[in-house]
Structures are given as C-alpha cells and as structure tokens.
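A.B. asks: A single structure is presented below for examination.
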Amino acid sequence: MTEPHILILGAGFAGFTLARDLRRDAAAHRLRMTVVEPEPYLTYKPLLPEVAGGETQARDSVVPLRRPLKNADIVAGALQSVDTGARVAVVRTLDGTERAIAYDHVVFALGAVTKTLPIPGLAETAIGFSSVEEAAYLRDHVLERIRFAAATGDAAERKRALTFVFVGGGYTGVEAIAELQRVAAAELDRYRELDGERMSWLLIEVAGRIAAELPEQLSAWTLRLLRKRGIHVLLHTEVKSCEHGDVVLSNGQTHPTDTLVWVAGVTPNPVLDRADVPRGPKGHVQCNASLQAVRDDGTPLDGVWALGDDAQVPDLLAEKQPAYYPPNAQNAIRQARVLAGNLRRSIAGERLTEYRHRALGTLASYSGMRGAAVVRGIPLRGVAAWAVDKVYHAIALPSLSRRFRLVLGWVGNGLTPRDAAPVGTVQEPRERFREAATAQEKN
9 MTEPHILILG AGFAGFTLAR DLRRDAAAHR LRMTVVEPEP YLTYKPLLPE VAGGETQARD
69 SVVPLRRPLK NADIVAGALQ SVDTGARVAV VRTLDGTERA IAYDHVVFAL GAVTKTLPIP
129 GLAETAIGFS SVEEAAYLRD HVLERIRFAA ATGDAAERKR ALTFVFVGGG YTGVEAIAEL
189 QRVAAAELDR YRELDGERMS WLLIEVAGRI AAELPEQLSA WTLRLLRKRG IHVLLHTEVK
249 SCEHGDVVLS NGQTHPTDTL VWVAGVTPNP VLDRADVPRG PKGHVQCNAS LQAVRDDGTP
309 LDGVWALGDD AQVPDLLAEK QPAYYPPNAQ NAIRQARVLA GNLRRSIAGE RLTEYRHRAL
369 GTLASYSGMR GAAVVRGIPL RGVAAWAVDK VYHAIALPSL SRRFRLVLGW VGNGLTPRDA
429 APVGTVQEPR ERFREAATAQ EKN
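Residues in the sequence shown are numbered from 9 upward in steps of one, following the numbering used here.
What follows is the structure, given as structure tokens:
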C-alpha cells in the first residue's frame with residue numbers, strides 16, 4: 009500500500025508543530041511528509057523583542073528545521089500555486105526552478121505577514137518587526153543612530169537621529185519599543201558628547217488603548233509604565249504620511265526620523281491567492297472546527313486543511329456566535345496537535361475531532377524585570393508577570409539546546425551589563441572588502 013503523502017506548506021509555529029507531531033508516523037512508514045518552507049529555521053517570534061534589545065542572541069530565537077524534522081522531506085522554496093482538484097502544488101526552489109509536488113493531503117500553514125496601509129512613503133521608509141533579521145537590524149540601527157548623533161554637529165540631524173517612531177500598540181509594538189528604549193537609554197549615557205541630549209520615543213496607536221489583548225486595568229498599567237520611562241504614547245492617532253522620513257500624524261504633528269517601525273497588525277499570507285481554496289472575509293482559509301477547508305455551504309474540501317494564522321476556525325465555545333479563534337501562537341500550536349490526530353483519523357477512515365480551546369492566558373514582557381500577564385484568569389504585573397513570561401518561553405522553545413543557551417544568556421545578562429556593540433557590517437558584510445579592493449585598484 010502506498011503511503012499517503014502529506015504536504016505541509018509553511019514551518020512556522022503551526023507547520024513545525026504539526027510536522028514534529030507526525031514524525032513518528034513518517035518514521036514508521038504510515039505516511040510520507042513534505043514540508044515547504046523558504047527559511048531553514050523556525051523563528052520563535054515571542055523572543056524577537058529580546059533580540060532587538062540585546063537580551064537574547066539572534067541564533068537562540070530560531071530553531072533549525074532539519075534535525076527535529078528529520079523524517080520529513082524539506083523543500084527550500086516558495087509556493088507558486090496549488091490545484092486542489094488535481095492535488096498538485098508548484099514550488100519554486102532556491103535555484104529558481106519550479107517543482108510540481110503531488111499530494112494526498114495539503115495543509116496551509118503559511119503564517120501571516122505584516123499588514124500595511126496605502127500611506128505615502130510607508131513602503132520606502134518603514135521596517136517591520138516579524139523576522140529575526142528585522143529585530144537584529146533594528147538593534148544595530150538604533151545604536152548606530154546614537155553614534156551618528158554623537159558625531160554630527162547639525163542639531164536638526166541629531167534630533168532626527170534620536171527620534172524613534174513605532175506604529176502599533178499591540179503586544180509586539182509595546183514589547184519592542186520597551187526593549188529598545190531601555191538599551192538605547194543605557195547606551196546614550198555612555199556618550200559624553202550627548203550630555204543633555206534627549207531621545208524621543210513615540211508609540212502611535214489608532215485605538216483608545218495599548219496592549220488591548222490584556223484586561224483594561226493591565227493595559228492602563230502598561231501605558232503608565234511606558235510613559236514613566238519617557239515613551240510618548242499617542243492614542244487615537246494615525247500616520248497620514250511618512251515621505252522622506254517625516255512622519256505626519258493625524259493630530260497635526262510632524263516628527264522627522266530615521267527610524268519608523270511598523271507593527272500595526274498582520275494579515276494572512278498573500279501567497280494564499282495562488283491557491284484555489286475558499287476564503288473568509290479577511291482572507292483566511294475558511295475552515296470548520298475539524299480544521300478542514302470548507303466551501304460556503306459548509307461542505308469540506310477533501311484532503312485540504314488549514315490552521316494557525318492562515319485559518320478562519322470557528323470558536324464553538326464562545327458565548328456569542330459566530331466567533332473565530334484569534335491568530336496567535338497558542339492557537340497555532342494546539343491546532344497543530346488536533347490536526348495531527350485528524351490526519352491520522354482521516355487516513356484510517358475514522359471520525360474527526362473538533363478543535364475546542366479556552367485561552368490559558370496572555371503574557372507580555374517589557375524589559376527591566378517588568379511585564380503583564382493573565383494566567384488562567386489571574387492578572388499579574390511587574391516582576392511576577394516578567395518571571396512567568398521567562399519560565400513559559402524557556403519551556404516552550406522547541407529545542408533543548410536553544411533552551412539551555414537562552415537561560416544561560418538571561419543569567420549572564422543579570423550578572424553583566426547588556427552588550428550594546430552594534431555590528432553594522434552584518435547588514436553589508438562585503439562593504440569593507442569592496443572598499444579595500446577599490447582603493448587598491450586606484451593605486
């Protein structure tokens with residue numbers, strides 16, 4: 009009997025967890041598994057703010073795929089199309105060639121991308137905060153802007169260099185600005201040339217409160233904490249334009265800056281447009297509670313599944329209907345475990361189970377041994393919330409070696425000053441070689 013072939017598109021939290029849960033089935037030849045992912049690693053995104061702040065090394069926030077998924081065929085490439093009728097996906101591999109992959113079951117786990125708006129100058133000026141590369145770059149960039157401010161004699165350029173604007177007051181935006189502001193403030197104190205100079209940190213949020221995922225009292229506490237640290241939080245405010253780095257706000261203010269970080273939400277991966285799957289109003293794959301893709305009339309597409317940020321999964325436990333699970337890591341991981349069981353049941357011809365999950369809580373870390381959390385309905389803030397956050401991620405990071413290095417790094421940070429040395433050449437590693445070669449050619 010031919011082993012059923014499961015094609016998993018994406019290796020974020022959802023795809024990685026699913027593939028890892030199915031690895032024993034693949035090893036026992038009960039199924040064959042292929043994972044398509046352009047990156048060679050899983051990014052553990054909750055650690056990105058710490059990467060930006062220098063509290064965690066970039067490599068400790070990623071988990072290489074091939075060792076934990078050794079029983080899967082991993083295709084390094086980008087999805088080009090999926091024909092669910094023919095059960096064939098086309099992938100463009102790293103060498104530029106296109107490869108057709110036939111499957112029995114396909115799982116959409118492509119993840120989300122940064123949600124942008126048609127704001128003049130946004131694409132040319134801003135940077136996102138969804139990858140380890142962006143987090144590491146931002147850390148170096150902020151430190152380099154401080155170095156530049158110390159070197160320039162132009163007061164306007166100095167002010168621009170020391171102005172940092174973040175747009176989006178959700179978890180990601182709040183954690184990122186909290187981490188970066190603290191490391192930058194410590195670095196600024198080391199520059200005698202900048203005595204008396206002040207940085208300007210702005211967090212722009214269109215809604216009436218930040219960290220809206222938390223209960224209102226914890227959200228208000230978070231707002232007070234940021235403002236106490238000197239971060240200007242502007243609520244009910246939008247960005248109207250940001251051409252040439254001049255951020256124009258709906259309140260009439262203009263803030264010239266070299267640093268504009270866009271963390272105003274996510275949207276389903278646009279690669280889904282290349283697949284003939286039913287979509288919900290926000291672009292997610294329309295699913296039933298068993299994580300099958302379904303048509304508008306509710307009938308499932310045979311062999312088509314979705315989960316995580318790509319999926320619109322009904323929340324059957326919600327009091328108010330219709331309701332859908334939010335796209336977060338907690339749901340992605342738990343949906344993956346349910347889907348692993350449902351794939352086994354589908355192959356065996358058994359009845360599928362439904363995904364039903366009540367949120368265990370929410371966690372946010374704001375650096376400086378401060379955080380906010382809700383754990384099984386109990387609100388926490390300050391050191392207690394920060395400690396719970398640390399313990400959770402030390403356990404949840406899906407790599408024993410990474411966990412070990414992560415905890416060692418935290419201990420080291422507690423015993424020594426945080427490293428604030430920018431490594432600018434990482435962004436352009438051949439720049440110095442080119443300069444040397446050019447100079448020698450002239451001679």
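C-beta atoms are modelled at their ideal positions from N, C-alpha and C, and glycine is treated no differently.
Could you check where the alpha helix (DSSP H) with aspartate 310 kicks off and where it finishes?
C.D. replies: Per DSSP, aspartate 310 belongs to no alpha helix (DSSP H); it is in the beta strand (DSSP E), 308 to 314.
A.B. asks: Determine the direct distance from the alpha carbon of lysine 53 to that of lysine 398, and round the result to whole angstroms.
C.D. replies: Rounded to whole angstroms, lysine 398 to lysine 53 spans 14 Å at the Cα level.
A.B. asks: Could you have a look at valine 346 and say whether DSSP puts it in helix, strand or coil?
C.D. replies: Residue state, collapsed to three classes: helix.
A.B. asks: So valine 43 and alanine 22 are in contact, right, with Cβ under 8 Å, and what is the actual spacing, rounded?
C.D. replies: That pair is no contact at about 12 Å.
A.B. asks: Of the choices Arg287, Ala193, Val382, whose alpha-carbon is the least far from that of aspartate 318?
C.D. replies: Considering only alpha carbons, the answer is Arg287.
A.B. asks: According to DSSP, is arginine 389 part of a helix, a strand, or is it coil?
C.D. replies: Of the three classes helix, strand and coil, the one that applies to arginine 389 here is strand, per DSSP.
A.B. asks: Quick check on this structure: which residue in Ala36, Glu327, Val140, Val182 has the alpha carbon closest to the alpha carbon of tyrosine 49?
C.D. replies: When each option's Cα is compared against that of tyrosine 49, the closest is Val140.
A.B. asks: From the DSSP output, in three-state form, read off isoleucine 127 for me.
C.D. replies: Coil at isoleucine 127, not helix or strand.
A.B. asks: Can you give the Cα-Cα distance for glutamate 221 and tyrosine 179, rounded to whole angstroms?
C.D. replies: Approximately 7 Å, taken between the alpha carbons.
A.B. asks: In three-state DSSP terms, what is valine 173?
C.D. replies: It is a strand residue.
A.B. asks: In angstroms with no decimal places, state the Cα-to-Cα distance between leucine 347 and leucine 299.
C.D. replies: Spanning the two alpha carbons is a distance of roughly 7 Å.
A.B. asks: Considering only residues of the same chain and omitting the five flanking positions on each side of aspartate 284, which have a CB-CB separation below 6 Å?
C.D. replies: Thr92.
A.B. asks: Going along the chain, which residues of its own chain have a beta-carbon closer than 7 Å to the beta-carbon of asparagine 277, five neighbours each way excluded?
C.D. replies: Leu118, Gly119, Ala120, Val121, Asp318.
A.B. asks: Where DSSP assigns a beta bridge to methionine 41, which residues make up the other side?
C.D. replies: Paired residue(s): Ile14.
A.B. asks: In the DSSP assignment, what are the bridge partners of phenylalanine 156?
C.D. replies: Bridge partners of phenylalanine 156: none, in fact.
A.B. asks: Cα-Cα, which of Arg155, Ala94, Leu408 is closest to glutamate 205?
C.D. replies: Cα-wise, what sits closest to glutamate 205 is Arg155.
A.B. asks: In the DSSP assignment, find the beta strand (DSSP E) that holds tyrosine 49 and state where it starts and stops.
C.D. replies: Looking at the DSSP string, the run of the beta strand (DSSP E) that includes tyrosine 49 is 49 to 51.
A.B. asks: Could you pull out every residue in the same chain whose Cβ sits closer than 6 Å to the Cβ of tyrosine 333, ignoring the five residues on either side in sequence?
C.D. replies: Around tyrosine 333: Val321, Asp323, Asn339.
A.B. asks: Do methionine 41 and aspartate 103 have their beta-carbon atoms positioned less than 8 Å apart in this structure?
C.D. replies: Going by C-beta atoms, aspartate 103 is not nearer than 8 Å to methionine 41.
A.B. asks: Can you confirm whether serine 138, when its beta carbon is compared against all beta carbons of chain C, has any partner nearer than 8 Å?
C.D. replies: Going by chain labels, chain C is absent from the structure shown, which holds only one protein chain.
A.B. asks: Does the region 63 to 79 come into contact with the region 379 to 397, if we say contact requires no fewer than three beta-carbon pairs (one atom in each stretch) closer than 8 Å?
C.D. replies: No contact exists between the region 63 to 79 and the region 379 to 397.
A.B. asks: For a test of the three-state rule: what should DSSP assign to arginine 107, helix, strand or coil?
C.D. replies: Strand.
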